[in-house]
Ligand code: DQA
C-alpha cells in the first residue's frame with residue numbers, strides 16, 4: 004500500500020534561500036521539496052508539498068490531508084509559537100505529524116522556545132538545517148516499517 008505524505012511549509016518559508024541565510028541557510032524551498040522527493044524515491048510513497056503564509060489556509064490543508072494522507076511533515080514557521088488553531092487542527096486530524104524547524108529554536112529568542120504544537124505532534128526535529136526534513140521523513144518511514152534500524 005502506497006503511503007502518502009504531506010510536506011507542509013508555513014509562513015515566510017517561501018523566502019528560504021534569501022531569508023536570513025545565516026540562520027536558515029541558502030537552500031530554497033524548491034531545493035528542499037526536490038531533496039524530499041529524491042529521498043523517498045526508493046520507497047512506495049507519494050509526497051505532496053504545499054506552502055502557505057496564512058494560518059487558516061494551513062488549517063484547511065491539514066483538514067484536507069485527513070482525506071488522503073497517512074502522515075504530515077510540517078514546518079509551521081512562526082505559527083509554531085502562537086497558533087492554538089493549528090494545534091487543534093493537528094489534534095483533530097488524527098494523523099502522525101512531525102514538526103520540523105531548520106534552526107535550533109531552543110537556542111534562539113525565548114519566544115521561540117515554546118511550541119504550541121509539539122505536544123500534539125509525534126515529535127519535533129530542530130536545528131539540523133534543511134536535512135531535518137529528511138530526518139522527519141525517515142521517522143515516518145520507520146513508523147511504517149519501511150525503513151529498518
Ligand atoms: C522556523 C523557526 C521559527 O521560529 C521561525 O519563525 C521560522 C522558521 C525554522 O524552521 O527554524 O519561520 O520554523
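Residue numbers (this note's numbering): 4 to 152. Each residue gets a CB set at the ideal place from its N, CA and C atoms; glycine is no exception. Predicted model only: the values in this text are computed from it and were never measured.
- By alpha-carbon distance to residue 35, the top candidate from 50, 118 and 120 is 50.
- Looking at 151, 42, 63 and 89, the one whose alpha-carbon comes closest to that of residue 102 is 89.
- Within the segment 38 to 116, the complete alpha helix (DSSP H) runs of at least 4 residues fall at 58 to 71 and 87 to 96.
- Applying a distance threshold of 6 Å between residue Cβ atoms and the heavy atoms of ligand 1 selects 15, 78, 80, 81, 83, 104, 105, 106, 108 and 115, given in chain order.
- Cβ contact annotation for residue 30 (same chain, cutoff 7 Å, sequence separation greater than five): 19, 20 and 133, in chain order.
- Per DSSP, reduced to three states, the secondary structure at residue 149 is coil, with no helix or strand assignment.
- Take residue 65, set aside five residues on each side of it, and the residues of its chain with a beta-carbon closer than 6 Å to its own are 92 and 96, in chain order.
- In the structure shown, residue 22 adopts coil according to DSSP, grouped into three states.
- Between the alpha carbons of residue 130 and residue 54 lies a gap of roughly 20 Å.
- Fewer than three pairs of CB atoms, one per stretch, sit closer than 8 Å, so the segment 136 to 151 makes no contact with the segment 110 to 122.
- Less than 8 Å divides the Cβ of residue 13 from the Cβ of residue 61.
- In the three-state reduction of the DSSP assignment, residue 120 falls in the coil class.
- In the structure shown, residue 130 falls within a coil segment according to DSSP collapsed to helix, strand and coil.
- By the beta-carbon neighbour count (other beta carbons within 10 angstroms, threshold 16), residue 99 is buried.
- Pairing residue 150 with residue 128, the inter-Cα distance amounts to about 18 Å.
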